[in-house]
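Chemist: Starting off with a structure, shown below.
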Amino acid sequence: MATRSPALIERLVQIAQAAAQAQHGGKEAVYAAACTELGMSRATLLRALKEVTVKPERKRRSDAGETSLKRDEAALISAFILEGMRKNEKRLVSVLEAVTTLRRTGNIRAEFVDADGVIRELSISAIARALRTYKLHPDQMLRPAPAVSMRSLHPNHVWQVDASLCVLFYLKGAKGKDSGLRVADHDEFYKNKPANLDRIAQSRVWRYVITDHYSGAVLVFYVLGAESGINLAEALIWAMQPKGNRIPMHGVPVGIYCDPGSANTAGTTKNLLRRLDVRIEAHAPRQARATGQVENAQNIVETQFEAWLRFAPKVESLEELNALAGIWMASYNSTHIHSRTGKTRFAVWQGIQPEQLRIPPSVEMCRTLLTHAPERRTVTDRLWVEFGGKSWDVSGVPGVMVGEKLAVTWNPYDTAQVFVVDADQDGHETLYPCQLVERMDDGGRFVRGGNVFFEDYGRPADTVADKHRKELAYLATGAKTLEDADKLRRRKDYTPFGGRINPFDGVEAGAVDFLPRRGEHMPDPVTVAPPPPTPLRPLYQPPTDDRLLNTFEAARWLVSKGVEMTPERNALVNQWHPQGVPESQLDDLKARLERPAPPALRIVNGGV
C-alpha cells in the first residue's frame, strides 16, 4: 500500500462515507467529483477507498459445508482416479473424465434437486469441492502419511545402507587413450537406445553409500557390475575394517537398516551379518523416507563428489576411484557441520565408547563367513565336538546329550571359541559360546583341567539323558537313589514296577468262543505215480489216410510246401474245411489255394 498523508486519508474516509450515504445511482457523481478534486483516476480512487474502508464480514451461507454428493459416490470417484495413476503419481484420469465415465456406466448419479424440484447434475467444480469436503480428493490422498522421528543410541548403533547406479559415468577396461572413467553421454546412453546400455552394462559404476545414523558420517564404496549380495557384502566388509586415522569410522554395527531390495536380503549378506551378530532390517515397501538419511547422503555424494570428477585427471581404475572417494570422505566428514549436532560428523563419531566399538574379524574371516553354514557335529562321550581340526567343550549347551548332533560355527571375534547355533521353530537363532579344549604344554599333552588319578574322580554334570535315566530308574524300581535301584535290579525276585503291571491282565477278556466249522476227513495218503511223459510231436508229420488236421496243422504243412499263408487264405481254409482238413486232401487244397482268382465282373456302358 502506498504511503498516504493523514490529510489525504481523512479526505478518502469522507468520500467513502459520502458514497455510502448517496442514493441509488448517486455514487458515480461522488466518485467523479473526488477524481477531479484529488487528481486520481477512477481505478486508483477505488483502490484507495478500499484501503481505508472497513468492510463487514461476509455472511456465511446457511448450507455452507453441505454437499449433495453422496459419500459412497465421492469415494468411488476418488478410487477411480487413484487406480488410474502411474507409479510416479502422474494422474491419467481427471475428475471430469472420472465423473463422465462413472455416470455413463451407471455407477454414480451425482445429482441434486434445485429449488423448483428439478433433478440436475452436479457440476464438476461442485463435485471437486465435495471431494475436498469429504477429504477424499486425490490431492489429499496423495499427501504423505504422518511420520515418526527415529533415534539411535550411540555411534555404530544403526547403519543405513543404499546402493545407486552412477548414471554419469562408466569405467572402460581397455588400456590406452580410450580407457578409464568415461562420462555417459545422455544422447548416446538412454532408454531408447538399449543396445548401447547393454554394451556398457558390466562397466557401469555402482556406489554403496553407508551412513552412521547417530553421527551422520558418510562412507561411499564403488563397485562394478550390478547391485548384488556379493557387492553389498564387500562394501560392508570394507566399511567395518579400519581405514586409517583420517577415516576413523569402523567397527561392527549393532544393526543395519536398508531398503527391501533382493540384494539387501540375499543369503550371503544375511549369513555374514548373522555370524557377526548384526541385526538387519528392511523398511516397508514404498517407504523410502524411512532411510531418508542415506538417501540424502546419495545426493551429497553425487553433487559434492561425483560432479567434480568431470574436471579431475582421468581415473583409470576402480581402485583409483575409491582412493579419490576416500580423500573426499575424510575432508567432508571432518569439515562440514551437521545441522542436527552442530559438529562435524567424524567429531561426533569419535565419541563412541569402548564397549560400543566392536572390532571386526579379518577380511579373510569375513569372506569365509559369507558362505559358511553351521556344520553338524556329533557330541562325544566327553561332551566335546570336533570342528576345524580341534576339540571344543559343549558341556555348557543347554540340553546337550551324548550322540546328538549340534550345529557349530565360528566365533568371528574370538578364535579360541566357537558358537553352537540353536534355532527355534520361528527360525530365531541363539548362539552358545563353547571354549577350545586346551592341551598341556608338557610331553603328555593331556587336556588342561582334566582329572588326576588318586586325586579327583569327579564326573561331569548330568546331561538331560542322565536326568531322564535316573527318573526312569526311580519310576521302574520305586527306589529313591541309583544305588538302591541297582540293588533291587540285582535281586532274583525283582519284578519291575513292583509287580503292579501284569502284561497278561485282561488278555482273556478279549478272547472269543467261535463255533466249530464242518469239514471232511482226508483219505489215507497214497502214492500217485507220475503220468508217463508225452512224446514230442515233430513240426511236420507225414499225412495218413485216417488223420484229420486242424487249421493250424494244415497251415503249417502248406507253409512247409512253400505256400504263403495270408489271413485271406486262412479264412478260405476254414470256409472249405470247417471240421478239419483230411491229410489225403492237402495236395488238392494246396493246388486250389495257388490257383489264380477269376477276374471280377464289371458293368460296361451303364449295364445296357
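In my numbering, the protein residues as written are 4 to 611. For glycine and all other residues, C-beta sits at the position ideal for the given N, C-alpha and C.
Does the Cβ-Cβ distance between Ala220 and Trp352 come in under 9 Å?
Modeler: The answer is yes: Cβ separation under 9 Å.
Chemist: Between which two residues does the alpha helix (DSSP H) carrying Ser394 extend?
Modeler: Taken as a continuous stretch (DSSP letters only), Ser394 belongs to no alpha helix (DSSP H), being part of the beta strand (DSSP E) at Lys393 to Asp396.
Chemist: Just the Cα atoms here: how many angstroms apart are Gly120 and Val96?
Modeler: Approximately 33 Å, taken between the alpha carbons.
Chemist: State yes or no: is the C-beta of Val98 within less than 9 Å of the C-beta of Ala131?
Modeler: For Val98 and Ala131, yes; Cβs fall inside 9 Å.
Chemist: Name the DSSP bridge partner or partners of Thr347?
Modeler: BP columns for Thr347 point to Ile340.
Chemist: Taking Cβ positions, are Ala21 and Val33 nearer each other than 9 Å?
Modeler: It is a contact, given that the beta carbons lie within the stated cut-off.
Chemist: What residue range is occupied by the uninterrupted beta strand (DSSP E) comprising Gln420?
Modeler: Counting along the chain, the beta strand (DSSP E) containing Gln420 begins and ends at Gln420 to Ala426.
Chemist: Would you kindly check if the distance between the Cβ of Val388 and the Cβ of Leu372 is under 9 Å?
Modeler: No, Cβ-Cβ distance for Leu372 and Val388 is not below 9 Å.
Chemist: Could you name the residues of the same chain whose beta carbon sits closer than 8 Å to that of Glu597, not counting the 5 residues immediately before and after it, in chain order?
Modeler: Within the same chain, Glu597 has close Cβ partners Val566.
Chemist: According to DSSP, what are the bridge partners of Asp489?
Modeler: For Asp489, which the question treats as bridged, DSSP gives no partner whatsoever.
Chemist: Residues bridged to Val304 by DSSP?
Modeler: Note: Val304 sits in no beta bridge, so no partner.
Chemist: Going by DSSP, name the residue or residues bridged to Phe224.
Modeler: Looking at the DSSP assignment, Phe224 forms a beta bridge with Tyr211.
Chemist: Could you check if Arg45 is buried or exposed, using at least 16 other CB atoms within 10 Å of its CB as the buried criterion?
Modeler: The residue is exposed, with fewer than 16 neighbouring Cβ atoms inside 10 Å.
Chemist: With 16 other CB atoms within 10 Å as the buried threshold, where does Asn336 fall?
Modeler: That one is buried.
Chemist: Does Ser167 come out as helix, strand or coil in the three-state DSSP assignment?
Modeler: In this structure, Ser167 counts as strand in the three-state DSSP scheme.
Chemist: Assuming contact is defined by CB atoms lying nearer than 9 Å, are Ala468 and Phe500 in contact in what I supplied?
Modeler: It is not a contact, given that the beta carbons lie outside the stated cut-off.
Chemist: Relative to the C-alpha of Ala615, which candidate in Leu49, Gln26, Met88 and Arg154 has its C-alpha closest?
Modeler: An answer regarding residue 615 cannot be provided, because it is not within the stretch 4 to 611 covered by the chain.
Chemist: For Val212 and Val223, which I take to be in contact (beta-carbon distance under 8 Å), what is that distance rounded to the nearest angstrom?
Modeler: That pair is a contact at about 5 Å.
Chemist: Can you tell me the Cα-Cα spacing of Ala625 and Trp395, whole angstroms?
Modeler: Limits of the chain in this structure are 4 at one end and 611 at the other, which puts residue 625 out of reach.
Chemist: Thinking C-beta only, is Val257 closer than 9 Å to Val161?
Modeler: Taking 9 Å as the Cβ cut-off, Val161 and Val257 qualify as a contacting pair.
Chemist: Check this for me: beta carbons of Ser218 and Arg348, under 9 Å apart or not?
Modeler: Yes, these two residues count as a Cβ contact at 9 Å.
Chemist: Quick check: what's the CA-CA separation for Arg343 versus Tyr435?
Modeler: C-alpha separation (whole angstroms): 40 Å.
Chemist: Quick check: the stretch 579–597 against the stretch 550–565, are at least 3 beta-carbon pairs closer than 8 Å?
Modeler: Yes, they touch.
Chemist: What does the alpha-carbon distance come out to for the pair Glu474 and Arg494?
Modeler: Rounded to the nearest angstrom, the two C-alpha atoms are 20 Å apart.
Chemist: Rounded to a whole number of angstroms, what is the C-alpha to C-alpha distance between Phe390 and Pro377?
Modeler: Phe390 and Pro377: Cα-Cα distance of roughly 10 Å.
Chemist: Express the C-alpha separation of Leu41 and Ala10 in angstroms, rounding to a whole number.
Modeler: Looking at the two C-alpha atoms, the distance is approximately 12 Å.
Chemist: Does DSSP classify Gly247 as helix, strand or coil?
Modeler: In the structure shown, Gly247 sits in coil (DSSP, three-state: anything other than H, G, I, E or B).
Chemist: Which residues share a DSSP beta bridge with Glu432?
Modeler: Paired residue(s): Ala426.
Chemist: Should Leu15 go down as buried or exposed, given a rule of 16 or more other Cβ atoms within 10 Å for buried?
Modeler: So Leu15 ends up on the buried side.
Chemist: Tell me where the alpha helix (DSSP H) around Ile122 begins and ends.
Modeler: No alpha helix (DSSP H) contains Ile122, which is instead part of the beta strand (DSSP E) from Ile122 to Glu124.
Chemist: Can you round the beta-carbon distance between Arg94 and Ile84 to whole angstroms, since I take them to be within the 8 Å contact cut?
Modeler: That pair is a contact at about 6 Å.
Chemist: Could you tell me which of Tyr225, Val411, Gln307 and Val255 sits nearest to Ser320, measuring between CA atoms?
Modeler: Checking every option, the nearest Cα to that of Ser320 belongs to Tyr225.
Chemist: Taking the Cβ atom as the reference point for each residue, do Ser81 and Pro147 lie within a distance shorter than 9 Å?
Modeler: Not a contact, by the Cβ cut-off of 9 Å.
Chemist: May I have the straight-line CA-CA distance separating Lys470 from Leu439, to the nearest angstrom?
Modeler: For Lys470 and Leu439, the distance between alpha carbons rounds to 26 Å.
Chemist: Compute the Euclidean distance between the alpha carbons of Glu306 and Ala300, then round it to the nearest angstrom.
Modeler: Per the sequence presented here, residue 306 reads as Thr, with Glu not at that position. Using only the alpha carbons, I get a separation of about 10 Å.
Chemist: Apply the 10 Å Cβ neighbour rule to Met525 and answer buried if 16 or more other Cβ atoms are within range, or exposed otherwise.
Modeler: Exposed, since its Cβ has fewer than 16 Cβ neighbours within 10 Å.
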